[in-house]
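Here the protein sequences line up with chains A and B, keeping their order.
All residue numbers for the first sequence refer to my numbering, where the first residue is 24 and numbers rise by one.
All residue numbers for the second sequence refer to my numbering, where the first residue is 24 and numbers rise by one.
Just so it is clear, CB atoms sit at the ideal spot from N, CA and C, and this is done for glycine as well.
One structure below.
Protein chains: 2
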Amino acid sequence: MVTQIKNPEYPIFFGDAAEALINFLSDKSFTQLFVLTDKNTYVHCLPLLNKVPALSDARVLTIEAGEKHKNIDTCQTIWSGLMQHEADRKALLINLGGGVIGDMGGFCASTFKRGIRFLQIPTTLLSQVDASVGGKLGIDFMGVKNSIGVFQNPETVIIDPAFLKTLSPREVRSGFAEMLKHSLIRDHNQWQILTRVDPEQPENWREQIAASVAIKQQIVEADPLEKGIRKALNFGHTIGHALESFFLETSHPLLHGEAIAAGMVVEAILSEQRGLLTTAQLVAIKTEINRIYSLPAVNTETYPVLLEYMRQDKKNEQRQINCSLLHGIGNIRIDCLIPEDTIVEALNRYQDLISAD
Amino acid sequence: MVTQIKNPEYPIFFGDAAEALINFLSDKSFTQLFVLTDKNTYVHCLPLLNKVPALSDARVLTIEAGEKHKNIDTCQTIWSGLMQHEADRKALLINLGGGVIGDMGGFCASTFKRGIRFLQIPTTLLSQVDASVGGKLGIDFMGVKNSIGVFQNPETVIIDPAFLKTLSPREVRSGFAEMLKHSLIRDHNQWQILTRVDPEQPENWREQIAASVAIKQQIVEADPLEKGIRKALNFGHTIGHALESFFLETSHPLLHGEAIAAGMVVEAILSEQRGLLTTAQLVAIKTEINRIYSLPAVNTETYPVLLEYMRQDKKNEQRQINCSLLHGIGNIRIDCLIPEDTIVEALNRYQDLISAD
Chain A
24 MVTQIKNPEY
34 PIFFGDAAEA
44 LINFLSDKSF
54 TQLFVLTDKN
64 TYVHCLPLLN
74 KVPALSDARV
84 LTIEAGEKHK
94 NIDTCQTIWS
104 GLMQHEADRK
114 ALLINLGGGV
124 IGDMGGFCAS
134 TFKRGIRFLQ
144 IPTTLLSQVD
154 ASVGGKLGID
164 FMGVKNSIGV
174 FQNPETVIID
184 PAFLKTLSPR
194 EVRSGFAEML
204 KHSLIRDHNQ
214 WQILTRVDPE
224 QPENWREQIA
234 ASVAIKQQIV
244 EADPLEKGIR
254 KALNFGHTIG
264 HALESFFLET
274 SHPLLHGEAI
284 AAGMVVEAIL
294 SEQRGLLTTA
304 QLVAIKTEIN
314 RIYSLPAVNT
324 ETYPVLLEYM
334 RQDKKNEQRQ
344 INCSLLHGIG
354 NIRIDCLIPE
364 DTIVEALNRY
374 QDLISAD
Chain B
24 MVTQIKNPEY
34 PIFFGDAAEA
44 LINFLSDKSF
54 TQLFVLTDKN
64 TYVHCLPLLN
74 KVPALSDARV
84 LTIEAGEKHK
94 NIDTCQTIWS
104 GLMQHEADRK
114 ALLINLGGGV
124 IGDMGGFCAS
134 TFKRGIRFLQ
144 IPTTLLSQVD
154 ASVGGKLGID
164 FMGVKNSIGV
174 FQNPETVIID
184 PAFLKTLSPR
194 EVRSGFAEML
204 KHSLIRDHNQ
214 WQILTRVDPE
224 QPENWREQIA
234 ASVAIKQQIV
244 EADPLEKGIR
254 KALNFGHTIG
264 HALESFFLET
274 SHPLLHGEAI
284 AAGMVVEAIL
294 SEQRGLLTTA
304 QLVAIKTEIN
314 RIYSLPAVNT
324 ETYPVLLEYM
334 RQDKKNEQRQ
344 INCSLLHGIG
354 NIRIDCLIPE
364 DTIVEALNRY
374 QDLISAD
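Listed below in structure tokens is the structure:
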């Protein structure tokens, strides 16, 4: 069975990807179909679409996997593939993969012959709950993430939890952090539901994934250009991005969601310090996050490096560090400007909290 | 004095570029200004903007001149320049040059950080009357013109006939062909005015350039996605593109407008053959075009090559060659499907007409 989220701009389908794709293609007219995969999704995900008859004629373009290939050279490979197979303006590109495939494939489609249509089939939990909504496409350039790109919506997004079986448990946990974030900023009831799910059984989460996508979609729809409430989605990310950048330079880098999980704990501490969260709520959040993630230790000596990363954050204004803090569980207060000594206090508190376990 | 065409999407200013730019910048807020030039416009056109105070702090990015540099490598040079000077999302890129600078600079701006604002100052007659309207941006890729790009409107377009003094007479004549075309497809009175202008004095044509831009703008506005009437702009281009491609491979290539001028004569013959144009009208058109251009001779042996180029035209449908033909002077009939033997007859007639001089 395939269900659908109503979206004013494009539909998002949940369920069996092959069935959803057959339905989608049945009443549309495309001159050619192309599928973009990386070497992993070619092996592990493409077979799940075997029973789609229209794909027997599709051209499959396959690129190397990984963020380091999300660049203009790989775009040229993709554009060349489309050109060599004489894709015209009525062709469809189906992006089958995680965030790299979706962001880069969407960018290539949006710029090929000034724009052909594309469809997203995100295969990681992170891309299903995060990149599937918002229309942000692009590539990395000169070491800066997503610095070249466009805003463009796909024809549709198909979210099939069956793909999650192809992921390692660590990758699933990474995506789960964004689901926790969506519930914390917007939906207390959904937060309570998530505290009872089993991170080892993601393919049973269809409702939870749909609920998470619906939260992001409501927020993006209310503020597509990130002037206000869309900043809620930055909860956990000011500290989390600094941790992600710091650990990337060490011998034990964190996945995005692992860094965001730790960032959410520190920002929950900041929320409690401001009186926006009770101590009991803070402890509940820390306990749930600790159930799933082994939170990274942070030494006092690393604070200057972490603060330097935070100072570079593009959300900052007036040289103060800008966070979106929780105001109770399920509610957010955006544009909180935080003095650096307050952040140091929160990091100290974080160290105490995790060493208490 | 600066005048303005009303445009629902962005204003087009005619007159002194420095004055227009000062006016435009006076009530806008940009964090940084960048100017993109090629090596020619850096020397010959940038000095005309010397008296704009805000430009004293602008960063100037300069690239090699010519269509062969309209590619993804040059885009990377431009993006790097923006990145190195820390352009943020509130920066403005001013594109100062011909079609290559406008198309490529606009594309780079539209994709840098998912889109910064840009302003077009076209400096060739062709780009003033053609590329300044329509929102088509892009670069060449794998030898195919404009195959990578986006649709995006500039903040504004500033058209200053003073830049035309920097062009060779041959380049001015090339741009003039598009002005003739605009009048032929839409405005009989404007056609008669143009038959009296002096191609050696383009800087006095402000009204004529504005009239030409207004025609293109009305047509694009009525049909932005080229489903119908926008195809009128293809008059002269089915044959003209084939001639341009053919002569590109010879020792005496044609400029775009020179090829379009010859293409318009052949397509006027096709119009007359269909009874859409009187013989007197055809002769008038041929006489006016001949006043300005020395029309290229075409040998019977080249017909197969020309027809092959026409078969590749992306406007074709059902394997028939698609032309937009004149229906009287000042009127158009789009989507005329022409059998190849009819095109051969028209090419024979073209040879007779030009050898009769």
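| Query | Result |
| --- | --- |
| Which whole-angstrom value describes the C-beta separation of B:L217 and B:L190, a residue pair presumed to lie in contact below a C-beta threshold of 8 Å? | So it is not a contact: roughly 18 Å between Cβ atoms. |
| What does the alpha-carbon distance come out to for the pair A:Q304 and A:L207? | 11 Å |
| So who's on the other strand from B:V156, going by DSSP bridges? | Per DSSP, none; premise fails for B:V156. |
| In terms of residues, what are the limits of the alpha helix (DSSP H) holding B:L370? | E363 to S378 |
| Nearest chain B C-beta to A:M165 closer than 9 Å, yes or no? | yes |
| For a quick check, are the C-beta atoms of A:I357 and A:A255 less than 9 Å apart? | yes |
| Under 9 Å, do B:D163 and B:G122 count as touching if we go by C-beta distance? | no |
| Compare the C-alpha of B:E290 against each of B:L266, B:V167, B:S197 and B:L271 and name the closest. | B:L266 |
| Counting Cβ pairs, one atom from each stretch, are 3 or more of them under 8 Å apart for the stretch 274-283 of chain B and the stretch 239-254 of chain B? | no |
| Have a look at the DSSP bridge pairing and note the partners of A:N118. | A:L59 and A:Q143 |
| Kindly list, in the order they appear in chain A, the residues whose Cβ is closer than 9 Å to that of B:Q143. | Those do not exist, as B:Q143 stays about 17 Å from chain A at its closest Cβ, beyond 9 Å. |
| Based on DSSP bridge pairs, tell me the residues matched to A:Q27. | A:F36 |
| Report buried or exposed for B:H108, applying the criterion of at least 16 other Cβ atoms within 10 angstroms of its Cβ. | exposed |
| Which same chain residues end up closer than 8 Å to A:F57 when comparing Cβ atoms and leaving out the 5 residues on each side of it in sequence? | A81, R82, V83, L84, G104, L105, H108, A110, A114, L115, L116 and I117 |
| Is there at least one Cβ from chain A nearer than 9 Å to B:L160's Cβ? | yes |
| Tell me, please, which residues DSSP counts as bridged to A:R82. | A:F57 |
| Identify the continuous alpha helix (DSSP H) that holds B:N212 and give its terminal residues. | H211 to L217 |
| Give a yes or no on whether the minimum CB-CB distance between B:I171 and chain A is below 9 Å. | yes |
| Strictly under 9 Å for the Cβ-Cβ distance: is A:T261 near chain B by that measure? | no |
| If B:A233 and B:I28 are in contact, beta carbons under 8 Å, what's the gap, nearest whole angstrom? | 7 Å |
| Which of the three DSSP states, helix, strand or coil, is assigned to A:G138? | coil |
| With a CB to CB cut of under 6 Å and the five nearest residues on each side skipped, what residues in its chain are close to A:S347? | K254, A255, N257, F258, I355 and I357 |
| Could you name each continuous beta strand (DSSP E) segment of 3 residues or more that falls completely within the stretch 283-312 of chain B, going from the start of the chain to the end? | none |
| Return helix, strand or coil for B:K91, following the three-state DSSP convention. | helix |
| Can you confirm whether B:G89, when its beta carbon is compared against all beta carbons of chain A, has any partner nearer than 9 Å? | no |
| Would a check of beta-carbon distances place A:W214 closer than 9 Å to chain B? | no |
| If you draw a straight line from the C-alpha of B:I352 to the C-alpha of B:D210, how long is it? | 8 Å |
| With burial defined as no fewer than 16 other Cβ atoms inside 10 Å of the residue's Cβ, what is the status of B:G128: buried or exposed? | buried |
| DSSP state of B:N322, grouped into three classes? | coil |
| Within a Cβ cutoff of 8 Å, which residues of the same chain sit near B:A185, ignoring the five residues on either side of it in sequence? | D39, A40, L71 and E226 |
| Among A:W102, A:A245, A:Q175 and A:K136, which has the Cα closest to the Cα of A:I86? | A:W102 |
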